[in-house]
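Counting in the numbering used here, the sequence shown runs from 22 upward without gaps. Beta carbons: idealized from backbone N, C-alpha and C, even for Gly. Quick caveat, the model's predicted, so the values are computed rather than measured. First the structure, in the form of structure tokens, and then the observations on it.
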Amino acid sequence: MTHGMFVALEGHDEIVEYIWGSKNGSLLDCEAHLNAVVKHACFLNNVKIVKLMLKNISLDPGFDDQVCWRVTCQTGGIALAKFLLQDERVDPSVLENAALLLAAKRGHVSIVKMLMNDQRVNPGSIEIVRLLLQDPTQRIDPALNNSLAFFLAVTSGSAETREYGDPRVDPLLQASKKGFTDVVNLLLKHNVDPSARSNQALRFAAEAGNLDIVDCLLRDERVDLSAEQYQAIVAACQNGHVNVLKNLLQTRHLDIRAFGERALTAASKFGHADVIQILLDVPGIDPCCNHAIALGIAVRLNYLEVVKR
Numbered sequence: 022m023t024h025g026m027f028v029a030l031e032g033h034d035e036i037v038e039y040i041w042g043s044k045n046g047s048l049l050d051c052e053a054h055l056n057a058v059v060k061h062a063c064f065l066n067n068v069k070i071v072k073l074m075l076k077n078i079s080l081d082p083g084f085d086d087q088v089c090w091r092v093t094c095q096t097g098g099i100a101l102a103k104f105l106l107q108d109e110r111v112d113p114s115v116l117e118n119a120a121l122l123l124a125a126k127r128g129h130v131s132i133v134k135m136l137m138n139d140q141r142v143n144p145g146s147i148e149i150v151r152l153l154l155q156d157p158t159q160r161i162d163p164a165l166n167n168s169l170a171f172f173l174a175v176t177s178g179s180a181e182t183r184e185y186g187d188p189r190v191d192p193l194l195q196a197s198k199k200g201f202t203d204v205v206n207l208l209l210k211h212n213v214d215p216s217a218r219s220n221q222a223l224r225f226a227a228e229a230g231n232l233d234i235v236d237c238l239l240r241d242e243r244v245d246l247s248a249e250q251y252q253a254i255v256a257a258c259q260n261g262h263v264n265v266l267k268n269l270l271q272t273r274h275l276d277i278r279a280f281g282e283r284a285l286t287a288a289s290k291f292g293h294a295d296v297i298q299i300l301l302d303v304p305g306i307d308p309c310c311n312h313a314i315a316l317g318i319a320v321r322l323n324y325l326e327v328v329k330r
């Protein structure tokens, strides 16, 4: 019967309605089967069937760590997500805001926006954190899990608590890596700090060649291009992202000595002749530095165009 229900969910709502009608629910009353079918209905974003199932049978939508909720956000079902949130048993922040991360990774802006406006996901509890840390008895150690109040404030707090583990940073990093500009802009609007975790968002965006996101992040004064010895520049060179590199090199007060050799070596190693040409035009970058290691790598790997540069 369960297999038949999965098939029916693929477009035969009338069959599902018959089986789960108020008089026919006993046709499939195994809890495991019920859970599997409603989960699949959420995966398909079938609002009509999910409503029917929750109405006519005794089913908790929060089963299996809110898997119905997480699947709905993962697949971008905004209408179903809004419906599920009306049920007090649904927790949008379950598993450290897993739904927010899943939606951000897939570029579901409407889901991200809805979650960021939910107080359970983004309550902005930085003042609580500050108050706890100012405890004159000094009983709070942020490096230890010795305070439930501190833990709750941090894990559900605003972006300003990032140094203690803001769970919204992961969605920003994933969106930066995958090129979801709208999601990045939305998260920044809600004060998620783009410099969290040593400016990984900028590095991920540069590494993936997401120029629009690189531009967006660089406009935020909190972003530090020099983090990890200009790793964002090195990442762009390694992957041959010319336009991203040009943009990064326009940043004022660059310390060429901190990244020049590494950037040149990375570009040589992967045969990006056009990147090397850009680097050689930058005053202060010496192709002969460190015994011309970049040239040696290009020769060893037989990158003729790189050697010609």
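Taking 4 residues as the shortest admissible run, the stretch 192–229 contains the following complete alpha helix (DSSP H) segments, listed from N- to C-terminal end: 202–210, 217–229. Each of D139, N138, D233 was checked against the Cα of K199, and the nearest Cα belongs to D233. The Cβ-Cβ distance between V255 and F280 falls below 8 Å. If you draw a straight line from the Cα of V111 to the Cα of S247, it comes to about 42 Å. DSSP places L239 inside the alpha helix (DSSP H), whose first and last residues are 232–239. Inter-residue distance for F225 and A102 is about 29 Å (C-alpha atoms, whole angstroms). DSSP places T96 within a helical segment (H, G or I) once states are collapsed to three.
Only exposed fits G305, as fewer than 16 other CB atoms lie within 10 angstroms of its CB. About 4 Å separates the Cβ atoms of Q259 and A287, confirming a contact at the 8 Å cut-off.
Distance from the Cα of S197 is smallest, within the candidate group K210, L238, H274, for L238. Spatial neighbours of F201 in its own chain (CB-CB distance under 6 Å, excluding positions within 5 residues in sequence) are listed in chain order as G128. Bounds of any alpha helix (DSSP H) do not take in N138, whose DSSP letter is neither H nor E. Boundaries of the alpha helix (DSSP H) around T286: 277–290.
By the CB criterion at 8 Å, D86 and N56 fall outside the cutoff.
In the three-state DSSP reduction, D302 falls in the coil class, being neither helix nor strand.
Residue state for L116 is assigned as helix, using DSSP reduced to three classes. Only residues of its own chain outside the window of five on either side were considered, and among them Q195 have a CB closer than 6 Å to the CB of K126, listed in chain order. Distance from L223 to V204 at the Cβ level is roughly 16 Å; contact not present, criterion being Cβ atoms closer than 8 Å. Rounded to the nearest whole angstrom, the C-alpha separation of L209 and P215 is 7 Å. S247 carries a coil assignment under DSSP once its states are collapsed to helix, strand and coil. Per DSSP, the continuous alpha helix (DSSP H) segment holding V263 begins and ends at 263–270. Listed in chain order, the non-local C-beta contacts of V190 below 7 Å within the same chain comprise R183, V213, A217, R218, local neighbours out to five positions each way being set aside.
Residues C94, G97, I99, A102, A124 of the same chain have their beta carbon placed closer than 7 Å to that of I132, with the five preceding and five following residues left out of the count. DSSP places Q252 in the helix class (H, G or I) of the three-state scheme. With a threshold of 16 other beta carbon atoms within 10 Å, H54 falls short and is exposed. Note on geometry: alpha-carbon atoms of L65 and L73 lie some 15 Å from one another. Taking C-alpha positions only, H61 is separated from V142 by approximately 25 Å. Distance check between R283 and each of T272, V296, H274, R273 places V296 closest, using alpha-carbon atoms only. With contacts defined as CB atoms closer than 8 Å, D236 and N264 fail to qualify as a contacting pair. Distance from the CA of M135 to the CA of L80, rounded to the nearest whole angstrom, comes to 25 Å.
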